[in-house]
Amino acid sequence: MKNKLVIFDCDGVLIDSEIIAHRVGSTEMTCQGFPMSVERSIELLTGVGYEDMFSVIKKEYGVDISNDDLWGIMKKIENTYQADLKLVSDILQVIEHVDKKYGGKCIASNADSGYLNKVLALVGMDTYFSQDKIFSASMVKRGKPLPDLFLYAADKLQADVSDCLVVEDSVVGINAAKAANMQVIGFLGGMHAKNAWYRNCITEAKPDFIAEDANELLGFLAKSC
Numbered sequence: 047m048k049n050k051l052v053i054f055d056c057d058g059v060l061i062d063s064e065i066i067a068h069r070v071g072s073t074e075m076t077c078q079g080f081p082m083s084v085e086r087s088i089e090l091l092t093g094v095g096y097e098d099m100f101s102v103i104k105k106e107y108g109v110d111i112s113n114d115d116l117w118g119i120m121k122k123i124e125n126t127y128q129a130d131l132k133l134v135s136d137i138l139q140v141i142e143h144v145d146k147k148y149g150g151k152c153i154a155s156n157a158d159s160g161y162l163n164k165v166l167a168l169v170g171m172d173t174y175f176s177q178d179k180i181f182s183a184s185m186v187k188r189g190k191p192l193p194d195l196f197l198y199a200a201d202k203l204q205a206d207v208s209d210c211l212v213v214e215d216s217v218v219g220i221n222a223a224k225a226a227n228m229q230v231i232g233f234l235g236g237m238h239a240k241n242a243w244y245r246n247c248i249t250e251a252k253p254d255f256i257a258e259d260a261n262e263l264l265g266f267l268a269k270s271c
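Okay, here's the thing in structure tokens:
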């Protein structure tokens, strides 16, 4: 499908950052007085943008977390990335196949642009995506689970929504892609997505296909073009 645009989420799809974020974040949240297990962090916060975290935490605990405290946690997570961050296993094979067989690719993430540039450079993924192919929720009024970001990316790259294929690891992202009327793959290749309950959540979100890992994602893409 030479005219097909493949839209990748970043965290948990391209880079295996989610498990690090939830391990460090849940420990720091507990230290700040918001007791949280790793699994609960994955359940609550996967795919959630920074601004929306405040309302999620308020709903869960009944009290607010300060911007300084949440920002401090995010900085500790990013510091841990310096030593531990890796690409999702075998994802480069997927990227190389898309480059050969599809019309284009881009990133659409709820993270802000500064963060995306840092983490992509850290794992060498910045060489595969030029700046005009990296879209952040900060570029639109409303991030995922609303469709604005995906629609914005498609518009900028002059792709019809019917020609867009989204790869997402979260219910938030799947819902956004569906709201944009785009085909979406639920991706379970990140280390945070290996529990049965997580797969059940993705299944309940009803993506068009579920890929257990990058090799299965590659197989789907190869059959689709």
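Under this note's numbering, the sequence shown has 83 at position 37, and the numbering climbs by one with no breaks.
Even glycine gets a Cβ: it sits at the ideal position worked out from N, Cα and C.
Item: Helix, strand or coil at I229 [DSSP, three-state]; Value: Note on residue identity: the sequence assigns Gln, not Ile, to residue 229. Of the three classes helix, strand and coil, the one that applies to Q229 here is strand, per DSSP.
Item: Through-space distance from K147 to C271, alpha-carbon basis; Value: 7 Å
Item: For V186, the three-state DSSP class (helix, strand or coil); Value: coil
Item: Strand pairing of D57, partner residues [DSSP]; Value: I61
Item: Neighbourhood of H143 by C-beta, 8 Å cutoff - its chain only, sequence neighbours within 5 removed; Value: L264, L267, A268
Item: Same chain only: Cβ atoms within 6 Å of G235, ignoring 5 sequence neighbours per side; Value: V134, D259, A260
Item: Contact belief for L51 with G150 at Cβ below 8 Å, rounded distance in angstroms; Value: 5 Å
Item: For S1, three-class secondary structure by DSSP; Value: The requested residue 1 does not occur in the structure, where the chain is confined to residues 47 to 271.
Item: Straight-line gap, K224 to P193 (C-alpha atoms, nearest Å); Value: 8 Å
Item: Straight-line gap, T126 to E85 (C-alpha atoms, nearest Å); Value: 19 Å
Item: Close-in-space but distant-in-sequence residues of the same chain around M82 (CB under 7 Å, 5 per side omitted); Value: S72, M75, T76
Item: Residues of its chain near R69, where Cβ-Cβ distance is below 6 Å and the 5 sequence neighbours each way are ignored; Value: V84
Item: Close beta carbons around Y174, own chain, < 6 Å, minus the five adjacent residues each side; Value: I141
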